[in-house]
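Have a look at this one:
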């Protein structure tokens, strides 16, 4: 990484810490299991939608044992509002069964073990570990990919593993857990996909996207 990119990363980190100093998850849960299910359900939807769905889901099936014994059709009706409900329902149903049969209802504490679970990818595992065990992980979603590439922090636009690796080289370890949520919020507030608010962005002069459409 060039010195210019390193300076930009340091400046961006200071900005994010100031702008999103109190950022935290708004997902509602009462156990590690409920958090993991909520994260799985959060794909391609808002956390608010997830909370609406899990209010009924967790009231009826608060743990892995009960959810594993539920009828798939019932789960589908409860998580319908989160979108892609058939896939998500099958994932959290099978996930619950695996946790009960193979892990005694205990959730693994490493990425390598977590990604073996149905519906759990690297991003989901990273979010879970950061939130539950305060582990220094970086969860790379579409917002993180977009912001990272536009500002030159990552070399490959659609490669989450490479992006994670490059972000870890640029930002200090004690910022990793905070990085994901703040990048996501910045992506929603300013650097959105279709109509980014480049005119109010403090970093537009360093942004590949802004420079490409203004030259």
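In this note's numbering, the protein residues as written are 1363 to 1577. Where is the CB? At the ideal position from N, CA and C, for every residue including glycine. Computed from a predicted model, the values in this text were never measured in an experiment.
Would residue i and residue j be called neighbours here (beta carbons separated by less than 8 Å)?
i            : j            : result
residue 1544 : residue 1401 : no
residue 1454 : residue 1429 : yes
residue 1507 : residue 1499 : no
residue 1514 : residue 1568 : yes
residue 1417 : residue 1434 : no
residue 1496 : residue 1546 : no
residue 1427 : residue 1413 : no
residue 1443 : residue 1411 : yes
residue 1363 : residue 1524 : no
residue 1501 : residue 1542 : yes
Whole angstroms are fine: how far does the CA of residue j sit from the CA of residue i?
i            : j            : result
residue 1432 : residue 1420 : 12 Å
residue 1483 : residue 1439 : 24 Å
residue 1536 : residue 1479 : 28 Å
residue 1476 : residue 1570 : 35 Å
residue 1446 : residue 1457 : 16 Å
residue 1374 : residue 1403 : 30 Å
residue 1528 : residue 1371 : 11 Å
residue 1436 : residue 1423 : 11 Å
residue 1522 : residue 1365 : 23 Å
residue 1425 : residue 1466 : 12 Å
residue 1489 : residue 1574 : 33 Å
residue 1399 : residue 1576 : 43 Å
residue 1493 : residue 1517 : 28 Å
residue 1554 : residue 1460 : 37 Å
residue 1472 : residue 1540 : 19 Å
residue 1335 : residue 1394 : The structure shown has nothing for residue 1335, since the chain only spans 1363 to 1577.
residue 1564 : residue 1474 : 38 Å
residue 1556 : residue 1566 : 16 Å
residue 1505 : residue 1552 : 11 Å
residue 1512 : residue 1381 : 19 Å
residue 1407 : residue 1388 : 13 Å
residue 1415 : residue 1538 : 29 Å
residue 1369 : residue 1376 : 11 Å
residue 1409 : residue 1558 : 22 Å
residue 1572 : residue 1509 : 12 Å
Around the C-beta of residue i, are 16 or more other C-beta atoms found within 10 angstroms, so that it is buried, or is it exposed?
i            : result
residue 1449 : exposed
residue 1485 : buried
residue 1534 : exposed
residue 1549 : buried
residue 1383 : exposed
residue 1441 : buried
residue 1335 : No information on residue 1335 is available, as it lies outside the stretch 1363 to 1577 that the chain covers here.
residue 1392 : exposed
residue 1397 : buried
residue 1378 : buried
Are any of the Cβ atoms in chain C nearer than 8 Å to that of residue i?
i            : result
residue 1419 : Within the model displayed, chain C is absent; a lone protein chain is all it includes.
Complete beta strand (DSSP E) runs within the region 1507-1576 (minimum length 3 residues, chain order):
none
Length at least 4, wholly inside the region 1385-1451: the alpha helix (DSSP H) runs in chain order
Qualifying alpha helix (DSSP H) stretches, in chain order: 1394-1403, 1409-1422, 1426-1430 and 1434-1441.
At 4 residues or longer, what runs of the alpha helix (DSSP H) sit wholly inside the region 1455-1504?
1473-1476 and 1484-1495
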